[in-house]
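Enquirer: Structure incoming, see below.
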Ligand code: ATP
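Laid out in structure tokens, this is it:
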């Protein structure tokens, strides 16, 4: 069984079905990406995996346990964490307090301190400015903070929703290389990203979502050279 398995997942907002029965899986250690145009259902899917939205049908299995219908904090405790779209950091809190919120459910203080040190190693700027309020940060720095906060729950599977949104090319590269580094440390990653080129270059596997359904899927490398992907997501004719 894969680390994450999604079977026949449906999610609706009232009468509008945003996700219409999708199947996908993420193997332990992989980077898997979900591609799709605006409104395809990517964010809805991640929020449902996190326990923030309830599916109207289907099953979600993580680590051999069924997690659909589980409360969001239980999902995080089980090892599945999300860095949300738009970052959602707390601007009035310090960088360090924002990070510690990611560890709210943990009792292993030594482990939490070790993870804080690890986040500070990954993102030097967070360490330098740990006492500053997060609202003074640039978009890229806030993105690092959001990723850092998600890492503070010590997830085995980290979901990232558009981590490069609004970032400079340099900052984007930085985030992408951090994702590769996390993978090499054994973190499994499910990535939603507008920059299809960057996402597919990293991804072991990609799924293309179109209006709530999976249109096709393949390895990241194959999708990079797939005509349908090149036309729709890589801006080529
Ligand atoms: P984006 O890249 O724009 O975030 P997405 O692929 O993540 O796109 P979703 O945000 O999951 O797409 O949206 C899927 C569908 O659900 C869209 O048609 C959207 O309008 C609708 N939708 C999303 N959130 C809500 C909501 N809170 N209430 C009603 N409809 C919603």
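Residue numbers (full-length UniProt numbering): 1 to 237. Every residue, glycine too, gets a C-beta built ideally from N, C-alpha and C. Treat the numbers as computed from the prediction; the structure is a model and nothing was measured.
What does the alpha-carbon distance come out to for the pair residue 110 and residue 151?
Expert: As a working note, residue 110 is residue 110 in the chain shown. As a working note, residue 151 is residue 151 in the chain shown. Looking at the two C-alpha atoms, the distance is approximately 15 Å.
Enquirer: Starting from residue 24 and walking both ways along the beta strand (DSSP E), at which residues does that stretch end?
Expert: In the chain shown, residue 24 corresponds to position 24, counting from 1. Where residue 24 is concerned, the enclosing beta strand (DSSP E) stretches over 16-26.
Enquirer: The alpha helix (DSSP H) spanning residue 49 covers which residue range?
Expert: In the chain shown, counting from the first residue as 1, residue 49 sits at position 49. Unbroken alpha helix (DSSP H) run through residue 49: 42-49.
Enquirer: Within its chain, find whatever has a CB closer than 8 Å to the CB of residue 175; leave out the 5 residues flanking it on each side and keep chain order.
Expert: As a working mapping, residue 175 is identified with position 175 in the chain shown. Hits under 8 Å: 140, 143, 144, 147, 163, 164, 167.
Enquirer: Please tell me whether residue 160 and residue 190 are closer than 9 Å, where the distance is taken between their beta carbons.
Expert: Here residue 160 is taken as the residue at index 160 of the chain shown, counted from 1. Here residue 190 is taken as the residue at index 190 of the chain shown, counted from 1. Cβ atoms of residue 160 and residue 190: closer than 9 Å.
Enquirer: Is residue 39 near the ligand ATP, going by C-beta to nearest heavy atom under 8 Å?
Expert: The sequence position of residue 39 within the chain shown is 39, counting from 1. Residue 39: yes, Cβ under 8 Å from the ligand ATP.
Enquirer: Within its chain, find whatever has a CB closer than 8 Å to the CB of residue 71; leave out the 5 residues flanking it on each side and keep chain order.
Expert: Numbered from its first residue, the chain shown carries residue 71 at position 71. Contacts found: 51.
Enquirer: Do residue 217 and residue 20 have their CB atoms nearer than 9 Å?
Expert: Residue 217 sits at position 217 when you count from the first residue of the chain shown. Residue 20 sits at position 20 when you count from the first residue of the chain shown. Not closer than 9 Å, so no.
Enquirer: Please indicate yes or no: does the CB of residue 59 lie closer than 8 Å to some heavy atom of the ligand ATP?
Expert: Numbered from 1 along the chain shown, position 59 holds the residue referred to as residue 59. No, the Cβ of residue 59 stays beyond 8 Å of every heavy atom of the ligand ATP.
Enquirer: Kindly identify the DSSP beta-bridge partner or partners of residue 161.
Expert: Against the chain shown, residue 161 aligns to sequence position 161. Partner(s): 192.
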